[in-house]
Structure formats: C-alpha cells, structure tokens
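Let me begin by presenting the structure, written as structure tokens, before commenting on it.
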Amino acid sequence: MNGKIALEEHFAINDTIEDSRVYARPEMWEGLRAKLLDFETERLDQMDEHGVEYAILSLNSPAVQAIFDVPRAIEVARKANDLLAEQIARHPKRFGGFAALPMQDPDAAARELERCVQQLGFHGFLVNGFCQVGSEDRVAYYDGDQYRDFWSVAAALKKPFYMHPRDPLASREPIYDGNPWLCGPTWAFAVETSIHALRLMGSGLFDRHPELQMVLGHLGEGIPFNVWRIDHILRKGRRGMAAEKEIGEYLRSNVHLTTSGNFRAPTLLSSMLEMGSDRIMFSVDYPFEKHADAASWFDTVHISENDRRKIGRDNAIKLFDLKL
Ligand code: GRE
Ligand code: ZN
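Following our numbering, the residues of the sequence shown are numbered contiguously, the last one being 973.
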C-alpha cells in the first residue's frame with residue numbers, strides 16, 4: 650500500500666545518542682547510530698521504498714525523561730524540538746513532529762508543548778515513560794497531582810500524546826535481576842508502559858479531559874488482550890481506582906494503538922476486535938525495526954482493503970488533522 654503514515658519513528662541528537670548504545674550489539678552500534686542521527690538519506694529512501702509517505706518523528710527512548718538535571722532536561726528538549734522543526738521545514742510533506750518534553754518540570758513542559766504546537770506546528774508530544782527528577786532514583790509518573798495543570802494545557806491544545814516505553818530503573822525492579830533478556834522491548838517495555846497507561850486511565854485523567862487522546866505503540870502494550878479481565882476484577886471492587894468509568898471505556902474512547910514493532914496478524918485481529926479498526930494505525934518503530942518487515946507484513950495481512958486504508962493512512966489523517 651502506498652501513502653502509508655507512520656507514527657513511532659525515532660531520531661536522536663548528539664546529546665541523547667549514547668542512550669541507545671545499550672540496545673545494539675557492539676558490531677551493530679555504528680549502523681544504528683547513523684540511522685538515528687540521519688533524517689534525509691537512508692530514512693527517506695526506506696520510506697520511499699516501502700510506501701511510507703509521511704512519518705511523525707520523535708526522540709528515541711529514554712532521552713529527555715532520563716535527564717534528572719532539570720535545567721538540562723529543559724535545554725535538551727528545546728534543542729531536539731528546534732532541530733526537528735528544521736528537518737520538518739526541509740521536508741514538510743514527509744516529516745511531522747512529536748514534541749520532546751521536560752516532564753521533570755510540569756510548568757516548563759506545558760510551555761514547551763505550547764511552543765511546539767503553536768509555533769513549530771507539531772502534532773502533539775511523545776513521552777518515554779516516567780521521568781527522573783533531580784536525582785537518579787527519584788521518578789515521577791504523569792498521573793501525579795503535580796501534572797494537573799500540565800494536562801489542562803495539553804488537552805486545550807487538542808493534540809494527542811504518545812506514551813512510549815522506557816526501561817524501568819534496575820534499582821527499583823529486582824524482578825529483572827540476572828535476566829537482562831527480559832529488559833527493553835522483549836518484555837519490560839510493555840510492562841512498564843502498560844502500567845503507566847493504566848495509571849493515567851485509572852486516575853480520572855480522561856474524566857477531566859474526555860477529548861484527550863493517548864496513543865500506545867506495539868499494538869497496545871498488552872492492554873487490549875487483558876482489558877476484559879481488568880474490568881471483570883474491578884467490577885467486584887474498585888480497590889482505590891479513582892476514575893469514573895471502566896478501563897475498556899477509556900480504551901474505546903481515549904486510546905489509539907499503532908502496529909509499531911508488532912507485526913503479527915493474530916495480535917492485530919484481536920486488537921481490531923477489541924478496539925475497532927478506527928483506533929489502530931500503522932507504524933514501524935524505525936530504526937529499531939525495518940520498514941521492509943513492517944510494510945511487507947502490513948501490505949499483505951488478511952484484513953479488508955477498507956481497514957488497510959484506515960489503519961495504513963486515514964485514521965492518522967483524521968486523528969492528527971494532517972494536511973497531506
Ligand atoms: C523503541 O523506540 O521502541 C526502542 C528503543 C530502544 C530499543 C528498542 C526499541 O527506543 O524498540
Ligand atoms: Zn519506539
């Protein structure tokens with residue numbers, strides 16, 4: 650399918666590139682590094698070759714969320730957003746942007762988001778999970794009270810946000826001790842991100858801001874597969890859950906999924922049965938995944954051509970009000 654739109658497509662800047670070294674085998678590092686820092690060469694070639702017309706780009710995980718020095722987090726976010734805006738200006742028909750935000754300072758994050766949407770024309774923001782604030786071990790999740798005003802600003806801008814994974818801190822998650830294979834995208838990303846997304850839903854965020862829309866990658870980080878059970882259990886007792894509705898209702902009113910890094914028909918079909926085909930969108934997760942794998946799967950997976958069109962392109966145009 651030509652004209653696909655992809656939403657979880659990453660880049661790095663010099664200040665953040667070293668984050669990614671741990672994710673590559675030593676012999677693969679130079680290649681990954683080059684792909685993350687590149688905009689106009691291999692990235693555009695790959696998009697052309699595999700029918701991706703437009704990509705909304707974001708800084709890759711964990712980036713600004715892991716910069717616990719707050720003034721530096723503010724500075725790096727600004728720098729990354731300015732650099733992204735320059736690339737978008739060079740290729741406005743091919744690239745859009747998600748803002749990187751210094752969530753360590755909710756007020757600064759709100760101001761940076763306003764700048765990115767109103768002045769730079771970005772389509773919303775992408776956060777790489779929790780942020781570290783002030784010291785290595787101090788973390789903040791975005792259902793916290795200190796983010797109330799931030800979310801009001803975000804909702805007023807009427808742009809979606811993308812909740813992207815990051816690894817939990819080893820110091821706080823002994824369950825992964827001695828099992829590095831479970832960290833990162835194999836399993837820990839989905840556990841960390843699904844809990845954070847559930848915390849947001851359970852906090853009443855979407856009661857206060859019913860129009861606010863959250864995007865989850867990797868076909869929903871496991872939530873669609875388990876949502877019946879979550880609500881089944883919560884029906885027996887709310888156990889401190891603050892929100893007014895069931896998780897399934899937020900999933901169907903406030904959440905969208907992408908296919909990033911999860912190119913599997915049974916998983917897609919199950920997500921379509923749970924969410925409907927209007928809330929699922931194509932993505933690759935470049936350069937951690939290959940356009941060839943994402944596109945050859947998506948272009949031939951056995952869904953109706955109407956659904957392929959929606960998931961591959963039309964849903965993203967509608968959600969982000971894209972002018973392509
Ligand atoms: C991602 O963006 O999904 C990602 C990373 C780092 C390693 C693997 C991965 O940011 O999938
Ligand atoms: Zn990603």
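Where a beta carbon is used, it is the ideal one built from N, C-alpha and C, also for glycine. Bear in mind that the values here come from a model prediction, so they are computed numbers and not experimental data.
Scanning F838, E860, E893, L861 for the CA closest to the CA of E870 turns up F838.
Short note on D826: C-beta not closer than 7 Å to any heavy atom of the ligand ZN. Proximity of the beta carbon of E763 to the ligand ZN is not indicated: no heavy atom of the ligand is located closer than 7 Å. Contact between the stretch 780-788 and the stretch 874-890 is not established, with fewer than three Cβ pairs separated by less than 8 Å. Annotation for K653: the continuous beta strand (DSSP E) segment containing it runs 653-660.
A residue is listed when its beta-carbon falls short of 5 Å from at least one non-hydrogen atom of the ligand ZN; in chain order these are E657, D934. Taking a C-beta distance under 8 Å as the contact criterion, C765 and N709 do not qualify as a contact pair. Distances taken from the Cβ of N709 to the heavy atoms of the ligand GRE include one shorter than 7 Å. In this structure, the CA atom of D956 is about 6 Å from the CA atom of S926. Listed in chain order, the non-local C-beta contacts of A748 below 6 Å within the same chain comprise N730, L762, C765, F771, F774, local neighbours out to five positions each way being set aside. For the set P873, D694, L685, E702, the Cα lying nearest the Cα of A965 is the one of E702.
Between the stretch 839-850 and the stretch 861-869, the count of Cβ pairs shorter than 8 Å is three or higher; the stretches touch. Scanning the stretch 689-765 for uninterrupted alpha helix (DSSP H) segments of 4 residues or longer gives 691-698, 719-739, 755-763, listed from N- to C-terminal end. Distance from the Cα of H858 is smallest, within the candidate group T907, G886, R884, W800, for W800. Here V950 is not near A655, since their CB atoms are 8 Å or more apart. Shortest gap from the CB of F937 to any heavy atom of the ligand GRE: under 7 Å. In the structure shown, the three-state DSSP call for V788 is strand. If you draw a straight line from the Cα of F969 to the Cα of P755, it comes to about 24 Å.
DSSP, read as helix, strand or coil, puts N777 in strand. Put simply, the backbone Cα of R670 is about 11 Å away from that of G680. Each residue's CA atom was taken as its position, placing K653 and E893 some 36 Å apart.
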